[in-house]
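Chains as they are written, first to last, in our numbering: chain Z, 1 to 420; chain G, 1001 to 1268.
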């Protein structure tokens, strides 16, 4: 009897590819809800093992359960729990079984199924999903190994390809350019003009990039104060903008001013004051806050939102080029996992177990006198048959598929059967 | 003519180091150790070759232009190894190692007259003078390579070209600081070399100054001006261009001045 006949790996999911946000928001799980759902599903016998991966782009339930029952059981459970129409859930979900389910998880962990190709956060979310499932007691050999292998695949893809190395967000690109000018940003002064959504995003990114206390300037002081306190920065009055510019190494500007706030003359004067030390401007505003001819000043680097978007597009293409290599890595890791899973079948394990006992018997017989060997062989065969009878009966008779696999794996480990 | 087998093996190792440096540039996660080992082993063998030359000449091994270029290559390799250990900055390797290879190969190919050293070229004063001069030239070569990389990186930043080289090359500020260090070392060491050389020349030469002396003073002036302007806010690009000009002068001094203008620095 192979495991595919008695239980199988399955995936039921709702992702941004097939389910709109109106569905995804209703099947999204918090950490507490994941624990609760997994405990319930185990209790009801819908699954033998299970892990739920829930992010803003997907909710996926990986399960190891008997036959076809899990799909129906899972959607019924969710529709009851969330008060949703089961038909709607069925209509928007996707379902994978066996190797396809495992492949999907490996691709998710590698960032190949993400909206932003190659993004790194999803790997942490896959790890977190395994950790929550462990806390709920819903993982055993199959799920544990599946998720560990998926994480390994995700790590390999990021280490061996460039898929995660080219930033996609304009804020990351802006600070990457700044780092290519200044190196370490921790000793650099960053001035953020405008405390709106974009200004706030860049101020936060500046802190992530190592900047200590960005300076915030905004027409409305209270908003500058608010943003400054959230990023451990310093708010400066709007009237002091012209005195702050020469002191800044990086100037980020994102206001709705109809006229440029920083002119070439101002920058030339600032550069004299700075004794030629480089300056970098990131202009996220439309119309522009930084006069275009500022870029012509010696040792000044100035980038508009179009420049940053262009790099983002190039980076997207660079990431896409890495997909074939990443897919190959996923397939290699998947093959290894499926080979391991295949070995967990009871019949080959029992056969290998018997063979191992025969090897041990033969080793012992070699040391015995030749005349005694036939008699001893019979004795040892009878003895090992008796020893193995009960464990094998229990192994074959175990009705819970997950527990059965746990035991098969224990036997394989204890008798070193995978060495073969 | 000597075989210089060790010198050639060193060149092969440098070629291996260059290939590895290019691989590291494309795939930065490959381990750094093989690169260190290849350069280190090359340096050890080239040093052994230089020592063999010194024994044959009963003098410093760089009395001939071949020996001098070999030492030049060796010191450049040593500087690169020091940079690897100090900054863990491997991206400079693919651009610097070719200079190590070229100087080492020229050192092996150029004629090596089997002359026994003149008495006046023995002693520590002469040895230190030449060693420091070559060390200074190695530092200026380093500065040249860094300056070219600076200009490449700056051009990429200006044109927003964010490809492989952009990602791998260090930040402008880092290249600028490394360049400043190289020029400072080169300038100090060349200054010491000129002083030592002048003292030595005064003892043994009847006619002063030599064209090479003038060339060294001009080099000191150019690089001194470069450092002075750098500190007064000239910034990277102009400093890089001046450093490239300085390097062109060194090549001119090493070749044309040595071979055709200098009457005393005899590399023939």
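Backbone N, C-alpha and C fix where the C-beta goes; we use that ideal spot for every residue, glycine too.
Computed from a prediction, not measured in an experiment: that's the story for all the values here.
Could you work out which residue in the options is closest to residue i when comparing CA atoms only?
i               : options                            : result
residue 1167(G) : 172(Z), 160(Z), 176(Z)             : 176(Z)
residue 147(Z)  : 77(Z), 132(Z), 311(Z)              : 132(Z)
residue 108(Z)  : 70(Z), 167(Z), 59(Z)               : 59(Z)
residue 1103(G) : 1254(G), 1258(G), 1016(G)          : 1254(G)
residue 40(Z)   : 287(Z), 322(Z), 138(Z)             : 138(Z)
residue 283(Z)  : 375(Z), 193(Z), 78(Z)              : 193(Z)
residue 1193(G) : 1145(G), 1004(G), 1151(G), 1137(G) : 1137(G)
residue 1219(G) : 1162(G), 1050(G), 1145(G), 1184(G) : 1184(G)
residue 111(Z)  : 155(Z), 379(Z), 70(Z), 149(Z)      : 155(Z)
residue 266(Z)  : 258(Z), 97(Z), 247(Z)              : 247(Z)
residue 356(Z)  : 411(Z), 313(Z), 269(Z)             : 411(Z)
residue 1252(G) : 1232(G), 1127(G), 1216(G)          : 1216(G)
residue 1164(G) : 1026(G), 1019(G), 1151(G), 1237(G) : 1026(G)
residue 1086(G) : 1148(G), 1036(G), 1210(G)          : 1036(G)
residue 1077(G) : 1023(G), 1110(G), 1010(G), 1055(G) : 1010(G)
residue 24(Z)   : 49(Z), 54(Z), 74(Z), 234(Z)        : 54(Z)
residue 380(Z)  : 391(Z), 368(Z), 390(Z)             : 368(Z)
residue 382(Z)  : 361(Z), 320(Z), 128(Z)             : 361(Z)
residue 1065(G) : 1008(G), 1021(G), 1106(G)          : 1106(G)
Give the straight-line distance between the Cα atoms of residue i and residue j, rounded to the nearest whole angstrom.
i               : j               : result
residue 5(Z)    : residue 352(Z)  : Residue placement at residue 5(Z) cannot be trusted, given a pLDDT of 43 that sits under 50; what the coordinates show is reported in the next sentence. Computed Cα separation, rounded: 20 Å.
residue 305(Z)  : residue 242(Z)  : 22 Å
residue 280(Z)  : residue 1169(G) : 18 Å
residue 1090(G) : residue 1213(G) : 36 Å
residue 1249(G) : residue 211(Z)  : 42 Å
residue 251(Z)  : residue 1129(G) : 50 Å
residue 405(Z)  : residue 350(Z)  : 13 Å
residue 183(Z)  : residue 249(Z)  : 12 Å
residue 3(Z)    : residue 38(Z)   : Here residue 3(Z) scores only 43 on pLDDT, less than 50, and its place in the model is too uncertain to base an answer on.
residue 222(Z)  : residue 264(Z)  : 29 Å
residue 65(Z)   : residue 117(Z)  : 31 Å
residue 1100(G) : residue 180(Z)  : 27 Å
residue 167(Z)  : residue 205(Z)  : 13 Å
residue 187(Z)  : residue 100(Z)  : 50 Å
residue 75(Z)   : residue 114(Z)  : 24 Å
residue 1190(G) : residue 1225(G) : 15 Å
Classify residue i as buried or exposed, calling it buried when 16 or more other Cβ atoms lie within 10 Å of its own Cβ.
i               : result
residue 255(Z)  : buried
residue 1094(G) : buried
residue 363(Z)  : exposed
residue 1153(G) : buried
residue 1(Z)    : With a pLDDT of 35 at residue 1(Z), under the threshold of 50, the modelled position of that residue is not reliable, and no figure is offered here.
residue 1268(G) : Its pLDDT being 47, under 50, residue 1268(G) is placed unreliably by the model, and nothing is read from it.
residue 43(Z)   : exposed
residue 1001(G) : Residue confidence is low: residue 1001(G) scores 48 on pLDDT, short of 50, so the model does not pin down where it sits. Its coordinate-derived value is still stated next. Residue 1001(G) comes out exposed.
residue 1140(G) : buried
residue 232(Z)  : exposed
residue 278(Z)  : buried
residue 298(Z)  : exposed
residue 1004(G) : buried
residue 1053(G) : buried
Given the structure, does residue i come close to the ligand GDP, in the sense that its CB is under 7 Å from one of the ligand's heavy atoms?
i              : result
residue 108(Z) : The ligand GDP is absent from the structure shown, which contains no ligand whatsoever.
Residues of chain Z with CB under 9 Å from residue i, in chain order?
i               : result
residue 1029(G) : 159, 160
residue 1232(G) : 275, 276
How would you list, in chain order, the residues of chain Z whose beta-carbon sits under 8 Å from the beta-carbon of residue i?
i               : result
residue 1153(G) : 180
residue 1225(G) : Those within 8 Å of residue 1225(G) in chain Z number zero; the least Cβ separation is about 16 Å.
residue 1166(G) : 180
residue 1221(G) : Per Cβ cutoff of 8 Å: no residues; residue 1221(G) is ~22 Å from chain Z at best.
residue 1174(G) : 183
Residue i versus chain Z: which residues are under 7 Å apart at the beta carbon?
i               : result
residue 1171(G) : 179, 180, 181, 182, 183
residue 1157(G) : 177, 180, 181, 301
residue 1239(G) : The contacting residues do not exist; residue 1239(G) stays about 10 Å from chain Z at best.
Flag residue i as yes if its beta-carbon sits less than 8 Å from any beta-carbon of chain A, otherwise no.
i               : result
residue 1235(G) : Judged by its chain identifiers, the structure shown contains no chain A, and its protein chains are Z and G.
**OP:** Below 7 Å between beta carbons is the criterion; list the residues of the stretch 167–195 of chain Z that meet it against any residue of chain G, in chain order.
**Re:** 177, 179, 180, 181, 182, 183
Original post:
Which residues, in order along the stretch 270–287 of chain Z, keep a beta-carbon less than 8 Å from a beta-carbon of chain G?
Top reply: 274, 275, 276, 277, 278
Original post:
Given a limit of 9 Å on CB to CB distance, which residues of the stretch 295–310 of chain Z reach chain G?
Top reply: Correct list: 295, 298, 299, 301, 303, 307, 308, 310.
**OP:** Would you list, in chain order, the members of the stretch 313–326 of chain Z that have their beta-carbon closer than 9 Å to a beta-carbon of chain G?
**Re:** Taking 9 Å as the Cβ-Cβ cut-off against chain G, the residues of the stretch 313–326 of chain Z that qualify are 314, 315, 318.
Original post:
Taking a cut of 7 Å between CB atoms, which residues from the stretch 1182–1212 of chain G lie near chain Z?
Top reply: none
**OP:** Please name the residues in the stretch 1135–1150 of chain G whose beta-carbon is closer than 7 Å to at least one beta-carbon of chain Z, in chain order.
**Re:** Hits within the stretch: zero.
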